[in-house]
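Chains as they are written, first to last, in the working numbering: chain S, 11 to 333; chain R, 17 to 449.
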């Protein structure tokens with residue numbers, strides 16, 4: 011395997027990855043897509059591997075997606091959620107890490123509300139760590155599935171104009187998308203209320219649009235982020251109605267676009283707030299393709315971190331033993 | 017104490033308070049400086065120390081330390097902190113009142129004084145609370161606390177958010193001649209933040225604390241000091257605008273002193289990269305532009321004092337996700353070495369300026385004894401080896417805590433002897449007394 015595509019022990023974020031590493035993950039996801047189309051959706055790639063899904067934050071979509079990916083690769087999985095576990099009883103993250111390590115597991119998928127939590131865990135255990143979202147920092151598999159979906163539909167990432175719309179300040183999805191897309195040669199912009207923009211965001215190599223109309227005129231792809239309802243309670247935006255009026259992705263706005271726009275949303279959606287139903291359910295929405303691709307991308311990441319080679323992914327699907 | 021004398025022979029005496037920088041002998045007797053001069057004849061029974069090649073200066077004074085006792089004894093005690101201070105070359109420290117319970121009444125002040133005396137290393141001066149329970153609601157018994165030994169008041173760790181209360185504090189303290197030391201932070205701008213607001217916080221996905229959170233409070237306090245004529249001391253200045261505003265206020269005669277910490281003089285928010293909790297501190301590490309301005313402020317005297325904001329934390333509190341870890345770093349045992357290496361060694365300050373900011377300036381700001389080797393002043397002396405090369409190893413700290421971002425730094429210069437009241441309380445060759 012060429013050294014430059016080796017992911018190392020962990021997938022903590024896309025910021026430290028090279029374009030070659032990202033491309034290797036996306037390419038490896040391709041052959042894994044087919045497994046989910048089979049009648050018997052299981053291959054022995056990770057047979058005998060133990061994976062813990064450690065979710066300190068509630069998550070339905072990401073956790074289920076990882077669990078399907080793990081099960082379809084024949085790994086043994088355990089789900090731990092913060093409620094009802096020793097975490098809720100005050101155990102520290104470092105103690106949780108040490109206990110997991112003592113149980114001789116192979117991989118941990120972690121979701122945590124604190125930025126840096128995945129890296130913290132990765133630095134302290136020998137098992138592979140996959141970041142399923144840490145605070146506002148990164149959510150690398152989400153950005154990978156977004157990129158795979160864009161590539162599926164537009165045939166490329168290079169030169170594609172992607173605008174991320176909404177609460178960039180609090181969004182790990184936005185950060186991972188910015189790193190991933192810019193490395194892959196896409197042009198990236200952000201758009202949303204100024205109160206929800208991180209300081210110095212343009213220094214990450216992205217453009218900033220104050221108004222959604224400008225973004226729509228510019229972009230090939232809109233990645234529409236969920237507006238967390240607590241942002242309104244905290245006063246970042248005066249009301250959901252006003253948010254929809256000035257930043258909502260509506261059909262009327264898209265009709266004025268110079269070209270058809272691909273519409274992505276990481277979910278779960280607030281219909282009628284950041285995205286209108288006729289857009290979410292419309293012909294240019296690829297939101298459900300994202301969900302399908304999520305499983306393939308996560309299978310690819312699990313396979314690669316377990317030591318698999320990108321070029322052997324196709325063959326590995328029918329191989330009798332884990333790589 | 018047995019009346020005993022100590023003759024420091026042949027050192028380079030640097031005393032900015034008297035404009036002295038010369039090779040002289042220093043005779044300490046009965047707890048005071050008895051004589052400075054060439055070839056002083058040793059009195060009978062005097063202990064003689066050859067300090068040739070070393071710098072002899074008025075004892076270093078740290079206006080800003082957290083000794084954690086009572087309530088936080090697993091992090092630090094008054095004794096362990098005073099011992100660490102002595103090892104760092106400090107002959108006196110000012111202990112902040114945000115303990116548990118806080119130092120907000122005369123009995124608590126008396127406790128700190130007594131424990132400091134009992135420890136017998138660096139002198140420990142209590143700083144008492146501005147407000148009852150540090151709650152920022154009404155003034156604590158400031159007069160009684162001054163009688164019990166408090167040298168200043170501060171709600172440090174948190175700001176005095178109510179401008180009206182700050183005004184009262186700046187007025188009421190004038191009877192007692194003590195300063196109000198202010199931790200400048202506008203909480204509505206800093207709440208939820210864990211590092212400097214900037215490109216690094218955006219990259220790391222951490223909520224930032226903007227410079228403005230500090231600056232608006234510095235501006236407010238300077239205006240209130242001007243209004244009242246009270247004595248204001250601004251703690252741990254970290255921003256460019258903060259330095260500028262203090263400089264302007266001094267120029268128009270506002271009674272203000274201010275301090276800078278070793279970390280704000282040497283580190284930027286880049287030190288946080290990798291979620292390094294040992295670099296998590298409040299106010300946060302800022303940008304290179306701010307560091308340059310703080311350095312300039314310390315050099316030109318806008319900032320009178322170099323103080324550590326020594327903030328010990330137990331290792332398991334720092335071994336957490338960044339947002340969950342507490343703010344603060346230890347500084348007593350690294351401050352002098354950092355300052356000599358990074359400031360004097362790199363031409364930011366002269367040695368005379370550094371000794372002024374670490375000894376004379378602090379004594380002036382809080383009107384403490386010491387800060388001078390004038391005959392008759394307390395025999396508090398620091399002897400510095402400017403050439404000693406050493407590496408910061410937290411495992412060797414005398415502090416009970418190890419939380420420093422300077423681990424592994426190669427430094428040049430350290431305290432060889434720390435002398436308090438004529439007694440050697442730290443000797444590099446043998447450790448604490």
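Note that CB positions come from ideal geometry on N, CA and C, so glycine has one too.
Being a predicted model, the structure only gives us computed values, none of them experimental.
Under DSSP, the beta-bridge partners assigned to residue 224/R are 211/R. If one requires a minimum length of 3 residues, the beta strand (DSSP E) runs lying completely within the segment 106-149 of chain R are 106-111 and 139-144, in chain order. With its beta carbon less than 7 Å from one in chain S, residue 218/R belongs to the interface.
The continuous alpha helix (DSSP H) containing residue 77/S extends over residues 71-82. Residue 290/R and residue 217/R have their alpha carbons spaced roughly 11 Å apart.
Using a CB distance cut-off of 7 Å, residue 103/S counts as an interface residue toward chain R.
Among the CB atoms of chain R, one or more fall inside 7 Å of the CB of residue 146/S. Think of a sphere of 7 Å around the beta carbon of residue 275/S: no beta carbon from chain R falls inside it, the nearest being about 20 Å out. DSSP, read as helix, strand or coil, puts residue 235/R in helix. Here residue 33/S carries a helix assignment [DSSP, helix/strand/coil].
Selection 114/R, 405/R, 294/R and 275/R evaluated against residue 248/R yields 275/R as nearest (Cα-Cα). In terms of beta-carbon proximity, residue 284/S stays away from the interface with chain R, with every pair separated by 7 Å or more. Under the three-state reduction of DSSP, residue 18/S is assigned to coil, being neither helix nor strand. Using a CB distance cut-off of 7 Å, residue 208/S counts as an interface residue toward chain R. Looking at the backbone, the Cα of residue 136/R and that of residue 100/R are separated by about 12 Å. Using a CB distance cut-off of 7 Å, residue 126/S counts as an interface residue toward chain R. For residue 26/R, the enclosing beta strand (DSSP E) has its first and last residue at 21-31. For residue 256/S and residue 221/S, the gap between their C-alpha atoms comes out near 7 Å.
Contacts with chain S at 7 Å (Cβ-Cβ) do not include residue 306/R. When Cβ-Cβ separations below 7 Å define contact, residue 335/R makes contact with chain S. Under the three-state reduction of DSSP, residue 173/S is assigned to strand. Excluding the 5 residues flanking it on each side, residue 226/S has same chain C-beta neighbours closer than 6 Å at 263 and 267, in chain order. Between residue 339/R and chain S, the shortest Cβ-Cβ separation is below 7 Å.
For residue 213/S, the C-beta contacts it makes with chain R under 7 Å involve 215, in order along the chain.
Contact annotation: the segment 194-208 of chain R does not touch the segment 259-267 of chain R, with fewer than three C-beta pairs closer than 8 Å. DSSP places residue 73/R in the strand class (E or B) of the three-state scheme. Segment contact: the segment 168-177 of chain S against the segment 34-54 of chain S, fewer than three CB-CB distances shorter than 8 Å; contact not assigned. In this structure, residue 32/S places its C-beta atom within 7 Å of the C-beta atom of residue 190/S.
Counting of Cβ neighbours within 10 angstroms places residue 38/R among the exposed residues, the total staying below 16. Residues 93 and 94 of the same chain have their beta carbon placed closer than 6 Å to that of residue 85/R, with the five preceding and five following residues left out of the count. Residue 109/S sits exposed, since fewer than 16 C-beta atoms from the chains shown fall within 10 Å of its C-beta.
Counting only runs of at least 4 residues, the segment 137-213 of chain S fully encloses the following alpha helix (DSSP H) elements, listed from N- to C-terminal order: 150-164 and 182-193. Per DSSP, reduced to three states, the secondary structure at residue 280/R is helical. Under DSSP, residue 447/R forms a beta bridge with 443/R. Contacts with chain S at 7 Å (Cβ-Cβ) do not include residue 141/R.
The continuous beta strand (DSSP E) containing residue 37/R extends over residues 36-45.
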